[in-house]
Each structure stands twice: as C-alpha cells, then as structure tokens.
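In what follows, a single structure is set out as structure tokens and then discussed.
Residue numbers (full-length UniProt numbering): 1 to 405.
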C-alpha cells in the first residue's frame, strides 16, 4: 500500500513539475509541438487517406477476392496486394474523372456565371420593380424598392463578376509578387506531404492488422489494467460510429447530388451541374448543409428566372424529404441513436468550436460521448439497485425496477 502511495505521489509531482515547466516556457513548448505536428503531417495525411480507403479495401479483401487461395494456398498471398491495387486504381480513377470531366465543366459554368452575373442582377432589379408596381396597382399599396436589397444585389453580383475577380487578382499579384517564391515552396512542400501521405497510406492499409495489434500490446503493457477495457471500448466505438457516419454521409450526399443534377438537367435548369455540385457537397454537413447549398443556388436562379427558383425550392424540399425518409436510413441506417434535438445541439456546438469540421464531426463525437455516458449511468444505477430505463437519457419510457439478485 505504501509503495502504491509513493508511486502515485512521484507521478503527481512529476506531472505538476511538467505542467509548471510548460507554463514557464509556453512559447517554446508551442514551437516544439508545432514542429512535431509539421514533421508528422504527411503521416496524418496517410492515416486519413487509409481510413477513408479502408472501406473499399475491406470490401475487396473480405468479399470480392474472398475466393482467392481456396484451391491453391500459394495464391492466397495475392489477395491483399490485389485488394490494395484495386482500391487505389479506383481512387485515382475517380480523381482523374473529376479533374478531366467534372472540374472543367464547373470552371466553364462558373466563368459563364461570372460573365453574366451583372446582367442577371439588373434583370432581377427590373423584375422586382415591375412586381412592386403590379402589387401597388392591384392591391392599392405603396411599396417601394428597398435600398438594402439593391445594395445586397450589387455586392452579390460584384463578388462573382469576372471584372471584379480580374482586378482582385491583378492587385494581389502586384502586392504579393515578392512572396511568390515562398508560396512556391509552401505549395511544393504541400505536394511533398501528399505524396508521402499516399505512400504511407499504402503501408497503413497493408499493415493495419499488425499496427492495431501493436497498439493493443502497448496499451496492455503501459495503461492501468482497470482502464484497458474502457480504452478498447472507446476506440472500437469511435471507429465504428465515425466510419459509418462519414462514409454514409458521403454516399448519401453523392446520391443527392446526382439526383439533383439529373432533375435539373431534365427540366433544363441553368447551371445544372454547378448547382448540383454545390447541393451535393453541402449536403455532407448535417442539418444546416441543405440550407447552405440551396440558398445561394436559389438566389442565383432567382436573378436569372424567378420561375426556376420557385421550382428549384420545391425540388430541394422533395429531395430532402426523400433523403430524410428513404435514402438516409437506407445508407446510414438507424445507427446514430440520438434524437433530433441532440443532433442540432452537436452540430451547433461543433460548428462553434471547430467550424465546418466541427459541423461534420460533432455528431459522431457526441454519439460516442452520449453512449459512454448512458452506459456509465446505467451501470451506476444498476449497482445501486435504483430505477433504470432501458433507453437512457433521451427516450421517455416507463422505467423498470431492477430486480435484486
């Protein structure tokens, strides 16, 4: 007992000394941490790439190439390399498809929008003035064009206009020309990080079982025994929740984007591809994503043709209903396990703390915390033989008395 107390005291003193040292040398500590993160950046990229690609890799390794090596045991060693090669070929093919077909079309659409946006703004002002005149004559009103609306339209159109973009680029080039060399270094270093990251991701994928085993051994060797199961539980739950949620959101948003593009193309909407891409990308963000994509897209269509804007709003509402009731549950499944209030809460808190990344990752992080807290609450209530609900924290069902053993 004395040895344990002595050990705890030494650890406590060491932690306190380290904390004081960090406070006294805060700038140096931040610099060291920043250097460590800079050195590890390509490996972080590699881990992220490997984590995303592990889902198609698992499909090929566990299902598509499952039969390899059944007849000839020597061929079994080819299963993993084939799965990795297939995964990366598909990933690079998707990137090439985006760069060769989608991105040039988006650039053309944006260039056309930039060229015509001023005329669209003037056209919208004329339409709004005509509508106000009609409303005044029909209903005997005395409405006037709001100057704030006119200023907003002018700012919105100037933001996307080609001349404004060109002037901005010229001024930037003249002011930052001395920094071009350093910028080139930053870009080249970024490319270097991504290349190393891709190579590292291949190693992560090919050795993920070995690395997971090594991490587990380290945990069992150095973590206190009472914390080991909890660490494994949190890690497993985080991996499952985050993986299912992120991949589910990406697939769900891809389906919504494709459906939106097909509908807009069939009904001959202006800038169908550009709007569909915006809608699909923003749909990745839970709750607020559809609004973030629909509002600017709808306003652009409103300036071009108010009728298109009206039908676009209806299309977006129908797509969101389809997404919420059919596509989302099928793709993501009913694995979130929290109510709409907590989804809204986690998105708002996540966005306030970490911006767009927080909006995306706030929900899976909150789900993990919520589930762990729910299990701990139930365990304590069970231990104290108190009333306990089958679905803790947010589901109001009749509680059941825990039977005494």
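Where a beta carbon is used, it is the ideal one built from N, C-alpha and C, also for glycine.
Beta-carbon proximity check, residue i vs residue j, cutoff 8 Å
i	j	result
residue 343	residue 286	yes
residue 57	residue 84	yes
residue 271	residue 113	yes
residue 319	residue 256	yes
residue 104	residue 245	no
residue 49	residue 238	no
residue 312	residue 298	yes
residue 29	residue 22	yes
residue 204	residue 47	yes
residue 370	residue 194	no
residue 263	residue 314	no
residue 241	residue 367	yes
residue 106	residue 273	yes
residue 235	residue 228	no
residue 68	residue 76	yes
residue 251	residue 331	yes
residue 206	residue 380	no
residue 126	residue 303	no
Status (buried if at least 16 other CB within 10 Å, exposed otherwise) for residue i
i	result
residue 328	buried
residue 32	exposed
residue 350	buried
residue 54	buried
residue 34	exposed
residue 300	buried
residue 260	buried
residue 276	buried
residue 197	buried
residue 12	exposed
residue 324	exposed
residue 90	exposed
residue 317	exposed
residue 308	buried
residue 108	exposed
residue 294	buried
residue 177	Confidence in residue 177 is poor, its pLDDT being 48 and thus under 50, which makes the residue's placement too unreliable to answer from.
residue 95	exposed
residue 362	buried
residue 10	exposed
residue 120	buried
residue 141	exposed
residue 117	buried
Same chain, Cβ closer than 6 Å to residue i, five either side skipped, listed in chain order
i	result
residue 249	284
residue 372	none
residue 413	With the chain covering 1 to 405 only, the question about residue 413 has no answer from this structure.
residue 253	280, 283, 284
residue 71	none
residue 306	none
residue 110	none
Contacts around residue i, its chain only, beta-carbon distance under 8 Å, and the 5 residues preceding and following it disregarded
i	result
residue 60	82, 83, 86, 87
residue 143	132, 135, 136
residue 296	278
Close Cβ partners of residue i (< 7 Å) along its chain, the five nearest in sequence each way excluded
i	result
residue 42	193, 196, 197, 200
residue 8	none
(message) List, from N- to C-terminal side, the alpha helix (DSSP H) runs of 4 residues or more that fit wholly inside the region 9-79.
(response) Residue ranges of uninterrupted alpha helix (DSSP H) with 4 or more members, entirely inside the region 9-79 and ordered along the chain, are 26-59.
(request) Would you be able to state if there are at least three C-beta pairs under 8 Å between the region 276-283 and the region 354-364? (result) no
(message) Threshold first: 4 residues or longer. Then list the alpha helix (DSSP H) segments lying entirely within the region 211-290, N to C.
(response) 225-266, 272-282
(request) Counting only runs of 3+ residues fully inside the region 93-142, write out the beta strand (DSSP E) ranges in chain order. (result) Counting whole runs of 3 or more residues, the region 93-142 contains no beta strand (DSSP E) stretch at all.
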